[in-house]
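Shown next, in structure tokens, is the structure this report addresses.
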Amino acid sequence: QDVTIPIIVKDTTSFYWQIVLAGARAAGKDLGVNVPELGAQSESDINGQISILENAVAGSPAAVVISPTEFKALGKPIDEAAKAVPIIGIDSAADSKAFTSFLTTDNVQGGRIAADGLAAAIKEATGKEEGEIAIITSLPGVGSLDQRREGFLDQMKTKYPGFKVVADKYADGQATTGLNMMTDLITANPNLVGVFASNLIMAQGVGQAIAENNLGDKIKVIGFDSDEKTVGFLKEGVLAGLVVQDPYRMGYDGVKTALAVSKGEKVEANVDTGANLVTKANMAEPKIDALLNPKVN
Amino acid sequence: MSVETVESSAGPTPRKGISILFGLTLLGLLLFLWLLLGFATNSFWTPNNISNLLRQGAMTAILAVGQTFVIITAGIDLSVGAVVGFTSVIVAWLLAAGVPLWLAVIATLAIGVLIGAFHAFGIVRMGLPAFIITLATLTSLRGIGLLITNGSTISITNEAFTNFSRANFLGVPSLFWMVIVVAVPAYIFLHLSRFGRYLFAVGSNSEAARLSGVNVNRTTYLAYILSSTCAAFVGLLLASRIGIGNATQAEGWELQAIASSVIGGTSLFGAVGSVHGPLLGAFILATINNGANLLNVNSFWQRIITGLLIIVIVYFDQLRRRGER
Amino acid sequence: MSVETVESSAGPTPRKGISILFGLTLLGLLLFLWLLLGFATNSFWTPNNISNLLRQGAMTAILAVGQTFVIITAGIDLSVGAVVGFTSVIVAWLLAAGVPLWLAVIATLAIGVLIGAFHAFGIVRMGLPAFIITLATLTSLRGIGLLITNGSTISITNEAFTNFSRANFLGVPSLFWMVIVVAVPAYIFLHLSRFGRYLFAVGSNSEAARLSGVNVNRTTYLAYILSSTCAAFVGLLLASRIGIGNATQAEGWELQAIASSVIGGTSLFGAVGSVHGPLLGAFILATINNGANLLNVNSFWQRIITGLLIIVIVYFDQLRRRGER
Amino acid sequence: MIGLQEVGHRHGLRTPAGHPVPKGEPILELHSLRKNYGAVEALKPATMTFLSGEVHAIVGENGAGKSTLIKLLTGVITRTSGEILWCGEPVQLATPNEAISRGINAVHQEVVLCPHLSVAANMFLGDEMNRRGLMRKRAMTDAAQGVLDDLGFNLPAAAVLGSLTIGQQQLVATARAAMRGTQFLIFDEPTAYLTRQESEQLFRLIRRLQSEGVTIVYISHRLEEVFELADRVSVLRDGTHVGTRPIGEANEAELIALMINRTIEQIYHKEHFPAGETLIETRGLTGPGFADVSLTVRAGEIVGLYGLIGAGRSEFALGLYGRHRLSAGEVFWQGRKVEIDSERKAMELGIALAPESRRDQGLCLNLPIGLNINLPVFRRLTRGLTINRAEEAANADRQIRDLKIKTPSRRVLASAMSGGNQQKIVIGKWLSHGAKLFIFDEPTVGVDVGTKAEIYRLFARLLEKGAGIILISSYFPEVYELSDRLHVFRQGRVVGSHGYRTASHEEVLAQAIGA
Ligand SMILES: Nc1ncnc2c1ncn2[C@@H]1O[C@H](COP(=O)(O)OP(=O)(O)OP(=O)(O)O)[C@@H](O)[C@H]1O
Ligand SMILES: Nc1ncnc2c1ncn2[C@@H]1O[C@H](COP(=O)(O)OP(=O)(O)OP(=O)(O)O)[C@@H](O)[C@H]1O
Ligand SMILES: [Mg+2]
Ligand SMILES: [Mg+2]
């Protein structure tokens, strides 16, 4: 294993990124590449990711796979790094033209899908595309979460004018905070019909609040990404839907593409790995099931 | 000596006009906030919301009580948030491995005891500053927890366990009962038993305590073990409440706990503190958040207001204390 | 009195066998780590990596120096991380509004001064504990920063500004030059000027300092202003490095800064500290991270190791100090 | 009323009457006891014997090793080498608990109590009364009050210790040691912060304890106390035991000679200088702790302030020095009306204050001696941006030399100094500052005879140069012998004023007590 291709994710402490890493690990094994798994410990730690990128490049790898944590901020460092090694982007973009290839999910599009899912779920329950809804964002200042919020709000405004966003909340990245916010939202807004919890941790906290209050029928919640717990919520009808990306493939294909690039092969410049809405109805489909149960180890 | 200094830097004396406010104890301030919120919103005084509030403040309150023991000895325990996250992983892991609930609970609390003992060991035997050893375990414990879960979460399927945090008893949320379960023995321990007095003595002048035959080392062990065990207990409650074990949860709760304690009148220089103070502090913080949510205050304004209210509340409390002397 | 306590809890005496290690100063420990990493990896001693290392430790180092001033007076400044994030927003905002670079820089530093002055005001005039007032600004500043950016980021288009952090001067990264730019005056201030002596005196016994004609209030102002200004300066550097203003950046850096300071031998009880200590502390932490990355240590293990190394390093340092006396 | 005996017995603290060894037999023997602090030999091989039931005084210069000896006996520190025999048996005395369990207790030179706890809590610390696991707080407060009353100390048992003056705290420490009673009780300069009145009470207590069979070790720099109380007296010099005398065979001159290895003719060195210009005049000065104080200090004279504990002299000094806000009255400096609203202002006018508590007000204990000495004068030592390090060193070294502060270097931390040497640092600090008016609050607390004489000579030198001195002291002979004018304080007011030796001892004391 002489070839080294490090992969740098946004936050190693989150399940989503662990799936990305699992994909990359599998690719490493299949292709005989050494894949150091790197990443900051929080999606908002931009400086940390820049440092990690610098360190990775210092090790003179064959290529680097990175998921830039912030569009603008990672631009220059990636330009800089690309002078030494080829850079493959996954999941999110950065303000740089130096990427050799891109495998991304469009987070704005993900937000739109969530809006569609929420509207559909509410319509199914009440028969109307109207009512009070809320959005809870896990952390301020995180690019991908901002984009989901943006996509969601925009879709709601343009496509579903009957909905009124009564709360646009930011938590602190803690499930408990999401839980507390949700219980208070329920108290303060008795007419609430839907919520978008835009990442895994918030979906867990918000789902818990819904479960505690047995409001699964009345308040529809769309989450983002999945794990055992939220899939369980989906089955129980606590959550109405989950927007699920294909992190495993991003990791796997990222490394695969990088290897190809390092060998001088020609690769596609842009690949959309897609985002899907998962509901109780479609969760048994094999393709969706594979997304919900990635082979992490 | 620092304590005396702070006290003697007399500062301005309160003017007559607003002296009623100064007379309020922390409890008064809390009730005042509640009244205010009762007027400002319709939903504040609903049984449902009061239940929520009691639940929301419960975990910080328990952490703050544990933290207070340590602060009274002039120490600090930065690890409590990490211990909460870590023990939530431990209990989830044990339950997933099929360990019976009672055993999982006891084992998790025992881990809390061990962590506290390790802190005290570092302080007493290795002569490390409390700040450093607890910061180090903060870092390491999160790492171990993440290793165990492989960066993910462990779901808890035990219904009995996850239902607990949702249950009510005599109309009061079980989480709040847990505060009482912790606070009553803590009160007896701190204010009525000689061990509590030894905590104060060690914090006031550990040399004097030693010369009086107080076992300073044992007292230090006691304080840190109590703090970590409270944190492990909160870890159980958290796991029960969110139904998962996740090592990155409870980040920053150490500051919340310390802040509750300090708002409740504990001095970071040691030897000043109580059990009811941190409880009030924790529920004041919970009330601020709850109220801001009910009033649908923009979450950014919420932060700003929280900061300002902390200043105002502690300031009034300081004035009152000064007045009393 | 706390200091004496720490000293008198003598602990075990070092055994002969490993006494060479105990003799190492912090600088020795840092060099030892570097040697070790030089053996363990091929890439550690490459110019590129050394540049990286110097860049990565730079910001914490500057924060730690500022923090040390405050800790020497027996205070604490929890707000530094928030000030970094906040000032990164301010400078980005000013630049976006078309303010010339030099003015934006000066205005940002001035904001740092104001924040520090506010802290000192709270401590000196309102009699608040340093922990509380700086915790409150931590919370509020993040809120204000988020309000300004509306929860998002402000891009910086000024190339001169964003290129600065990537530039080298005489082969050394400009960020590291900034450490020197801060450290040299800081050294002169703390160790060679009378104001530095006053900081120590206030931290040791503020009443004695006051009766000796030291203006304790002014000294407190000085300490907190220096700390906040260092943080504002780091905010500028961070904005330059990441090219955006974002209020949630630098979360937890206050603990990093305090840890660097304490690893560097500063006592949280005041009156013990230096300028070189925190610098070494910051670069020890940076080295641990850099080394772990180079060795491709799993990031969870990295946390565990960081925690353990902090304990080991501070323990050795304590032993050495004890031996010296 | 619950008294000392009752509390002691009921609480099981006091060993029942009777001696572990017959009166007059050795109860504690030290063989070649040695203590090193790094390179410092605090106690060189010392061999001494204490007899059961005696009052054994120990005298010696500052830094002679007296406190070190006491700390060794009470388990505060552990010896480097040597042997201790208790009732004929070798013992370790490695921890405070071991000493306490054998009935060895001490009142240390520096008050070692917990300032945040109540008086009663301090008295019972480590030995609380419990019932079913809970403390009996009321019972302890009552018992503590009973003991305090029984001893004639007028102190509230429920008060927080930190709110008391150091003198009062010292009394609490004494009461505590007496209550815990013992076989063997050590007093390390117990009268340092006490007035004569309080000292009398302490002496009565000591005699009472002795009559109950307790062996007493009494350390003091005040030789008249030694002659009044002791059965035998031992002298330490430079960490060595240089002799023990039955009190009947000892005389003051010989003891001093043994202690300092030279003779001094006269301790109270009083030179009279013609009174010069009026330096300061206060009219009806009122502030926290004192009221309506009018007095004048002229160049070349010492104005003494005498009073009981809490009479308000220190508060007056602090008020005058700008530390506390004044509520009424006027201050004239060299005939000009001034507002002294800060310490800095006072210093700039030319006032220096050596405060009474070296630990709380005087010293930065965990900083070097040099820094402490130079603290008031750093402004003067600054050249441009930085301090002139050569001058800084020279100034510190000069004070260390002039005051004979016993330290290897100015870099040693003040906390490592013996009590007396710490006091010298406080004084040195103000000598290097230089001023026109010196306020010395208890300047000779814990200072040995030799140094005391030097300090008095130093007063004369200051007066000669045209300075004035306010001397606050609870050590009656000192204020009485040195003051050109003597004001007696009671409850914050001046209740009597006298010229140099114009009033009798009895008259002054009566005014102070208010009889
Ligand atoms: N912790 C310490 N570290 C270093 N040296 C010390 C320490 N404690 C005491 N010494 C030194 O030991 C010597 C004896 O001190 P000790 O306190 O026994 O003197 P003392 O006879 O009680 O004097 P005084 O009358 O001034 O109280 C002094 O030179 C002192 O500086
Ligand atoms: N900060 C304070 N607030 C209120 N009262 C105080 C304060 N400090 C001292 N006192 C009280 O003021 C009175 C005067 O105390 P002061 O220390 O001036 O007496 P003193 O004559 O110097 O006696 P001593 O011999 O103890 O030094 C005492 O009753 C004391 O308890
Ligand atoms: Mg002594
Ligand atoms: Mg006095």
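Sequences listed follow chains A, B, C and D, in order. Counting in our numbering, the first sequence tops out at residue 297, every number present. Counting in our numbering, the second sequence tops out at residue 622, every number present. Counting in our numbering, the third sequence tops out at residue 947, every number present. Counting in our numbering, the fourth sequence tops out at residue 1462, every number present. Each residue gets a CB set at the ideal place from its N, CA and C atoms; glycine is no exception. Nothing here was measured: the structure is a model prediction, and the numbers come from that model.
>> I want to verify the contact list: residues of chain B whose CB lies under 8 Å from the CB of M1087/D, in sequence order.
In response: Listed by position along chain B, the residues whose Cβ is nearer than 8 Å to that of M1087/D form an empty set, because the closest Cβ is around 10 Å away.
>> Output needed in chain order: residues of the region 486 to 518 of chain B with a Cβ under 7 Å from some Cβ in chain D.
In response: Hits within the stretch, in order: L489, S490, R491, R494, F497, A498, S501, N502, E504, A505, A506, R507, L508, S509, G510, V511.
>> Distance cutoff 8 Å, beta carbons only. Does R942/C sit that close to anything in chain B?
In response: No - not a single Cβ of chain B is within 8 Å of the one on R942/C.
> For A869/C, which residues in chain A fall below 9 Å Cβ to Cβ?
Replying inline: In chain order: P140, G141.
> Do the region 1356 to 1369 of chain D and the region 1141 to 1160 of chain D make contact, defined as three or more Cβ pairs closer than 8 Å?
Replying inline: With fewer than three CB-CB distances shorter than 8 Å, the region 1356 to 1369 of chain D does not count as touching the region 1141 to 1160 of chain D.
>> Can you check whether the C-beta of R1326/D is within less than 8 Å of a C-beta belonging to chain C?
In response: At least one C-beta of chain C is nearer than 8 Å to the C-beta of R1326/D.
> Who are the Cβ neighbours of L324/B in its own chain at under 7 Å, not counting the five residues just before and after it?
Replying inline: Here the set comprises L577.
> Are the C-beta atoms of R352/B and some chain C residue less than 8 Å apart?
Replying inline: It does not; no Cβ of chain C falls within 8 Å.
> Among the residues of its own chain, which have a CB less than 8 Å from the CB of G162/A, if the five just before and after it don't count?
Replying inline: Once the five neighbours on either side are set aside, the close Cβ partners of G162/A are K128, E129, E130, G131.
>> Beta carbons nearer than 9 Å to chain C: which residues of the region 579 to 600 of chain B have them?
In response: Near chain C, meaning a CB-to-CB distance below 9 Å, the residues of the region 579 to 600 of chain B are N595, S596, F597, W598, Q599, R600.
> Would you say E265/A reaches chain B, if we count a Cβ-Cβ gap shorter than 8 Å as a contact?
Replying inline: With 8 Å as the cut-off, E265/A does not count as an interface residue toward chain B.
>> Please identify, using Cβ separations under 8 Å, the residues of the region 216 to 229 of chain A that lie next to chain B, in order along the chain.
In response: Result list: D227, E228, K229.
>> For G363/B, would you say it is in contact with chain G, using Cβ-to-Cβ distances shorter than 8 Å as the test?
In response: No chain G appears in the structure shown, which is made up of the protein chains A, B, C and D.
> In the DSSP assignment, what residue or residues form a beta bridge with I866/C?
Replying inline: Answer by DSSP bridge pairing, in chain order: S777/C.
>> By the DSSP assignment, the alpha helix (DSSP H) with Y16/A in it spans what residues?
In response: For Y16/A, the enclosing alpha helix (DSSP H) covers residues 15 to 31.
> Name the DSSP bridge partner or partners of N270/A?
Replying inline: In DSSP, N270/A forms a bridge with F102/A.
>> Nearer than 7 Å: is that true of the beta carbon of K1376/D relative to any heavy atom of ligand 3?
In response: Ligand 3 never approaches K1376/D closely enough for any of its heavy atoms to be under 7 Å from the residue's Cβ.
> Per DSSP, what kind of secondary structure is R1151/D in: helix, strand or coil?
Replying inline: DSSP places R1151/D in helix when its eight states are reduced to three.
> Could you give the distance in angstroms between the alpha-carbon of S1430/D and the alpha-carbon of L1410/D?
Replying inline: Using only the alpha carbons, I get a separation of about 12 Å.
>> Counting only Cβ pairs nearer than 7 Å, list the residues of chain C close to D1344/D.
In response: When 7 Å is used as the limit between beta carbons, D1344/D is near no residue of chain C, the shortest such separation being about 17 Å.
> I1287/D by DSSP, collapsed to three states: which one?
Replying inline: Residue state for I1287/D is assigned as coil, using DSSP reduced to three classes.
>> Looking at A1361/D: is its Cβ nearer than 8 Å to the Cβ of L1328/D?
In response: Going by C-beta atoms, A1361/D is not nearer than 8 Å to L1328/D.
> Is the beta carbon of Y1215/D within less than 7 Å of some heavy atom of ligand 1?
Replying inline: Incorrect: Y1215/D has no Cβ contact closer than 7 Å to ligand 1.
>> Give me the chain B residues within the contact set of R764/C, using Cβ-Cβ distance strictly less than 7 Å, ordered along the chain.
In response: Simply R600.
> Measuring from the CB of G1443/D, is there a heavy atom of ligand 1 at a distance below 7 Å?
Replying inline: For G1443/D, the Cβ stays outside the 7 Å cut-off from all heavy atoms of ligand 1.
> M1294/D versus chain C: which residues are under 7 Å apart at the beta carbon?
Replying inline: Chain-ordered, the chain C residues with CB closer than 7 Å to the CB of M1294/D read G835.
>> Does the beta-carbon of Q1346/D, which I'm using as the reference point, lie nearer than 7 Å to any heavy atom of ligand 3?
In response: Checking every heavy atom of ligand 3 against the Cβ of Q1346/D, none is found closer than 7 Å.
> Can a CB atom of chain C be found closer than 8 Å to the CB of T343/B?
Replying inline: Chain C, which has no Cβ nearer than 8 Å to the Cβ of T343/B, makes this no.
>> By the three-class DSSP mapping on this structure, what secondary structure does G645/C have?
In response: Note that G645/C scores a pLDDT of 48, beneath 50, so its modelled location is shaky; the value from the coordinates is reported in the next line. Three-state result, G645/C: helix.
> By how many angstroms is the C-alpha of I412/B removed from the C-alpha of T431/B?
Replying inline: Straight-line Cα distance between these residues: approximately 9 Å.
>> Given a cut-off of 8 Å on the beta-carbon distance, is the pair G818/C and R764/C in contact?
In response: In this structure, R764/C does not lie closer than 8 Å to G818/C by Cβ.
> Measuring CB to CB, does T104/A end up less than 8 Å from D272/A?
Replying inline: In this structure, D272/A lies closer than 8 Å to T104/A by Cβ.
> Cα-Cα, which of V609/B, I610/B, G604/B is closest to T761/C?
Replying inline: That would be G604/B, whose Cα lies nearest to the Cα of T761/C.
> Where does V301/A fall in DSSP's three states?
Replying inline: No answer is possible for residue 301/A: the residues shown for chain A start at 1 and end at 297.
> Does any CB atom of chain C fall closer than 8 Å to the CB of P294/A?
Replying inline: No, its Cβ sits nowhere closer than 8 Å to a Cβ of chain C.
> In three-state terms, what does DSSP make of A904/C?
Replying inline: Of the three classes helix, strand and coil, the one that applies to A904/C here is helix, per DSSP.
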